[in-house]
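Undergrad: The following block contains the structure, expressed as structure tokens.
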Amino acid sequence: NNNNNIFDNVYEDGSYLLDESNDCDVGAVRTASSPSSSASLSTMSDRDVQLCSASTLSSINPLNNPIIKNLARGAFLRVASDISGGTALENIKCRVTATTDDPLDATKALITGGNGIWNLWSGTPSRTIEGALMGAVFLVGSASTKKRVAAMGFGKNVCAMAGGVVGGVAQTVIMTPCGLIFTSLNVNKGKKGHEDDTALTVARKIVNEKGLLGLYIGSGPMAIRQASNWASRSLITEICRTNLKLSRFGLLGEIASGAIGGVGATWNTPIETVRVLMQKDVSEGKAPRSTGEYFSEQLENGGIPALYRGVTPRAIQGIWQTIFMVVFPNLLG
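In terms of this note's numbering, the sequence shown opens at residue 2 and continues consecutively.
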């Protein structure tokens, strides 16, 4: 074999040695494996060979690859958070933001709108796909950024904030079109002419009317929201667990840190309000206005409270998502 090849020696049982990634004596094994040195095999125990090959196999196991591990972990955690309550909270939040309903009225309207309580989880199939993709890209972006920033000598708080910014922005590519479709399904539910709406038909309609880029209307507010969302959630959670030392209380302290981080991140609710209203107009066939125009309209009609519509279900949703996407990865390492 070529010594420059990553695999120096391949054994009949499929195990092999790497020059630099092993703790075993590569030179000894190379000598022992050569035809002219069969006598040297007696100098190596079976245990030496087993340790050598086990160590190497572990180092190249795809499941040990941090990118693959974080892709799988992020997808699973996000889908778990949605199925266990995140989707219901998203439905309530969208309805409160886009209508005059308060959280209780919005919940009642959804439950009595058909299919009973399960109507709170309407859109689960498309949201599961969205959640898996969003969770995967978030955790890969966040974890790799935190590692890089830590290597530059920054502290845990800066690492957490930077990881949240990158992970949040990475989600925007997936979340903008999915959010637009999800908002459309919510806003038009029960309206005449929209009885047979599905994620696919809504997406097709938008593309036919506004082109492929029409799916990315609202991407500006979405990117700002996602970056500030996860930067705040990650930073506040890290401050609580390290600076305030809540982590000394074990699992309960970690969860409490995440809950505080989730609620604290709702300061940017006005950005989410603008995003929902902008995508609501698109779903109703109206031309979207600028971000500033939406802000001005809300301030004129209802003052600052109007910009914080839906903050209650959003705070609960923020707690839920922060525990799943920030606290659990911290605990898993």
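Beta carbons are placed, not taken as given, at the ideal position from N, Cα and C, and that holds for glycine.
Here the structure is a predicted model, which is why all the values come from computation and not from measurement.
In angstroms with no decimal places, state the Cα-to-Cα distance between GLY124 and GLY154.
TA: 44 Å
Undergrad: Between the Cα of PRO314 and those of GLY303, GLU273, GLU294, ASN302, spot the shortest distance and give me the residue it belongs to.
TA: GLU273
Undergrad: Between which two residues does the alpha helix (DSSP H) holding GLY254 run?
TA: 252 to 265
Undergrad: Identify, in the order they occur along the chain, each residue of the same chain with its Cβ nearer than 6 Å to the Cβ of ILE175, setting aside the five sequence neighbours on each side.
TA: LEU134, MET135
Undergrad: Can you tell which of LYS190, GLY259, LYS206, ALA288 has its C-alpha closest to the C-alpha of PHE325?
TA: GLY259
Undergrad: Can we say the stretch 298 to 315 touches the stretch 241 to 257, given the rule of at least three CB pairs closer than 8 Å?
TA: no
Undergrad: Measuring only the C-alpha atoms, how far is TYR217 from LYS192?
TA: 24 Å
Undergrad: Is there contact between the stretch 88 to 95 and the stretch 159 to 172, where contact requires at least three CB pairs shorter than 8 Å?
TA: no
Undergrad: Measuring only the C-alpha atoms, how far is PRO289 from PRO222?
TA: 13 Å
Undergrad: Where does the unbroken alpha helix (DSSP H) through THR101 begin, and where does it stop?
TA: Here THR101 belongs to no alpha helix (DSSP H), and DSSP marks it neither H nor E.
Undergrad: Using a Cβ-Cβ cut-off of 7 Å (strictly less than) and excluding sequence neighbours within five positions of THR267, which residues of its own chain qualify?
TA: Only VAL312, ARG315, ALA316, GLY319 meet the Cβ criterion.
Undergrad: From GLY254 to ILE207, what distance separates their C-alpha atoms?
TA: About 45 Å.
Undergrad: So LYS190 is in the alpha helix (DSSP H); what residue range does that whole segment cover?
TA: Here LYS190 belongs to no alpha helix (DSSP H), and DSSP marks it neither H nor E.
Undergrad: Please report the distance separating the alpha-carbon of MET279 from that of ASN65.
TA: 42 Å
Undergrad: Using CA coordinates, which residue listed in ILE112, ALA107, SER235 is at the minimum distance from PHE329?
TA: SER235
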